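Written below as structure tokens is the structure these notes are about.
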Amino acid sequence: MNRLKHLLRVYSPFATDDFSSTPATAAPQTPPPVSRLSRLSRALVAKSIVEALFVVALGVYFAYSNVNPFFRGSIDKADQRTIEGWVVNEAQPGERVEVHLYINGHFVSRRLADAPRADVLSAGRSFDAYHGFVFHTPSLPPGNAYEARVYATHVAASGARRVLQEFDGARQFGVTAEAKNAPVPDALRESEERR
Amino acid sequence: MTDARRDASDGTSQSASALESRALAAWEIVSVAVSTLVAEWAVLALGSDKTLLAVPVLCAFALMFYSHYLRGETLRELGWRTDNFWRAARLLIIPMLAGSFVLVAVGWLWFGGSFSFGARRAGWAIFGFPVWGFAWGLLQQYALQSFINRRAQLVFGGGGAASIVVVAALFALLHLPNPWLMCATFLGGLIWAFVYQRAPNLYALALSHAVLTWVLISTLPPDALRGLRVGYKYFG
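If you read the sequences in order, they're chains A and B. Numbering-wise (my numbering), the first sequence opens with residue 3 and increments by one. Numbering-wise (my numbering), the second sequence opens with residue 330 and increments by one.
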């Protein structure tokens, strides 16, 4: 009977005694000396500084690697027919920049900025003239509250990230009821032929 | 100095030391939690190289080891022992069965019972193999119990509900923003913190961690658990 009681006591999941030779001590019993606590507080301060510097360095590295500060460009025209402009990556003036068009915050289209822009070349912004872009303005209901934004694409983190960077501000434009069947401008046709 | 005055001075010094020890314990908990959050949210979001995770992880472990040394904690006290394994296991059995029942019930009632015990699914690569499940559980239980639980007991007092709830809540917080995983880790945190305060044995807790993780990924669908991802990775 005593044996059974002992087994019940030992194997009860709610037993609070420790049946090993040494009692279980989950919590520290006495505080360490003040000198040790001082060392601990210094270690905590040092760790906080190291981690703060690490996060700052990480943030700076992220900004540096994901934002290209060398995009220069402009949206020269935005209306119910086309949205035109130019963009150059001054760090690599020979490359064609991919641009994305958003109207009122919605993605519309993307293309390479490779339309001829002699004025960009003559201004000394690039090594060649092919840095313009011309987007067809999509069919939109008549109104005056349209906002076009064009973003240059920057490929970062070895291709893992594609960052859209705005190189010029928004352009407001309106659409009238007679916008259909508008003639295609020369610059757009030329750009389409190059593609 | 008279004996009475010396006693009073010693008493004041000891109470100041105890107060400082409690304040530092709270800071230690926050510091380790911050390291984990930095790893989960800053490194995975901003860093392009996962090896950078080593920085906050090493900082946290360096602090934990140094703190154990300064506070004079032995491996045995921390739970690296085998003599109380069965006692810890006994304490774990009923809460684990209850927790598993809750998970099965949630899987059945909320997700229509799409159980997959033994099948390859979310988290299998880490948790499916017993060795990895146990090792990963051991690492987490060491940080959670041997460090955070012990420091929480310093701050809130040992054996009370406050320290157990704080440990569980912190464990859930570190699994943000995965809602189902946060619920599961809060539940698991309550069980493991309760058991550790009565029978500090990391091996039993690690085994329980591995088993409950297996039950979790077998009862809830992968879409709900999002591959057990936490932090910024949850969105990726």
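For every residue, glycine included, the Cβ atom is placed at its ideal position computed from N, Cα and C. Model, not experiment: these values are computed from the prediction.
Query, Result
"Okay, do the stretch 469-488 of chain B and the stretch 396-414 of chain B touch, 3+ Cβ pairs below 8 Å being the bar?", "yes"
"Leaving out the 5 sequence neighbours to the left and right, which residues in its chain are closer than 6 Å to B/R351 when beta-carbon positions are compared?", "L483, V484"
"Tell me which residue opens and which closes the beta strand (DSSP E) that A/A154 is part of.", "145-158"
"How big is the Cα-Cα spacing for B/L353 and B/F444?", "45 Å"
"Using three-state DSSP, classify B/P551 as helix, strand or coil.", "helix"
"What did DSSP end up calling B/H504 once you bin it into helix, strand or coil?", "coil"
"Looking at chain B, is there any beta carbon in it that lies within less than 9 Å of the beta carbon of A/V157?", "no"
"Excluding the five sequence neighbours on either side, which residues of its own chain have a C-beta within less than 6 Å of the C-beta of A/K79, listed in chain order?", "E86"
"Compare the C-beta of B/S346 with all C-beta atoms of chain A and state if any pair is closer than 9 Å.", "yes"
"Keeping to the same chain, check which residues put their C-beta closer than 7 Å to that of A/S111; ignore five residues upstream and five downstream.", "L103, F137"
"State the CB to CB distance for the pair A/A150 and A/G134, rounded to an integer number of angstroms; the pair is presumed to be in contact (CB under 8 Å).", "The pair is not a contact, with the Cβ atoms about 15 Å apart (cut-off 8 Å)."
"Taking DSSP's pairing of strands, which residues face A/N106 in a bridge?", "For A/N106, which the question treats as bridged, DSSP gives no partner whatsoever."
"Given this structure, state the Cα-to-Cα distance separating B/I358 from A/N4, to the nearest angstrom.", "46 Å"
"The stretch 362-379 of chain B: which residues have C-beta closer than 9 Å to a C-beta of chain A, in chain order?", "V363, S364, V367, A371, V372, A374, L375, G376, S377"
"Using beta carbons (cut-off 9 Å, strictly below), is B/S396 in contact with chain A?", "yes"
"Taking the C-alpha atoms as reference points, what is the distance between B/L541 and B/L421?", "11 Å"
"Distance cutoff 9 Å, beta carbons only. Does B/L399 sit that close to anything in chain A?", "yes"
"Only counting the same chain, and skipping five residues up and downstream in sequence, which positions put a Cβ closer than 7 Å to that of B/A418?", "A533"
"If the cut is a Cβ gap below 7 Å, which residues of chain B does A/F64 touch?", "L375"
"Give me the residue from A/P71, A/N70, A/V101 with the minimum Cα distance to A/I77.", "A/V101"
"Any idea which residues DSSP pairs A/Q82 with across the strands?", "Answer by DSSP bridge pairing: none, since A/Q82 is not bridged."
"So B/F463 and B/L536 are supposed to be a Cβ contact under 8 Å. How far apart are they, rounded?", "6 Å"
"Below 6 Å CB to CB, which residues in the same chain sit around A/P25 once its five sequence neighbours on both sides are set aside?", "The predicted position of A/P25 is uncertain, since its pLDDT is 43 and thus under 50; a value taken from the coordinates is nonetheless stated next. Taken in chain order, the list of residues that qualify is empty."
"Start and end of the alpha helix (DSSP H) containing A/Q167?", "A/Q167 -> not in any alpha helix (DSSP H); beta strand (DSSP E) instead, spanning 163-168."
"Exposed or buried, which one is A/T178 when buried takes at least 16 other CB atoms within 10 Å?", "exposed"
"Chain A beta carbons: is any one of them nearer than 9 Å to that of B/L505?", "no"
"Leaving out five residues on either side along the sequence, give the residues of the same chain with a beta carbon under 6 Å from the beta carbon of B/A279.", "A question about residue 279 of chain B goes unanswered here, because the residues of chain B that appear run from 330 up to 565."
"Flag this pair as yes or no: are the beta carbons of A/S141 and A/P95 separated by less than 9 Å?", "no"
"Please list the partners that B/V384 has in chain A, where partner means a Cβ-to-Cβ separation under 7 Å.", "F56"
"Quick one: give me the first and last residue of the beta strand (DSSP E) that A/Y66 is part of.", "Run containing A/Y66: none in the beta strand (DSSP E); it sits in the alpha helix (DSSP H), 36-68."
"I need the boundaries of the alpha helix (DSSP H) containing A/F137, first residue and last residue.", "Per DSSP, A/F137 belongs to no alpha helix (DSSP H); it is in the beta strand (DSSP E), 132-138."
"Can you tell me where the beta strand (DSSP E) holding A/R173 begins and where it ends?", "173-177"
"Identify every residue that forms a DSSP beta bridge with A/R112.", "A/H102"
"Going along the chain, which residues of the stretch 126-145 of chain A sit with their C-beta nearer than 8 Å to a C-beta in chain B?", "none"
"Mind the definition here: the stretch 61-71 of chain A touches the stretch 364-380 of chain B only if three or more C-beta pairs lie below 8 Å; say whether that holds.", "yes"
"Would a check of beta-carbon distances place B/S350 closer than 9 Å to chain A?", "yes"
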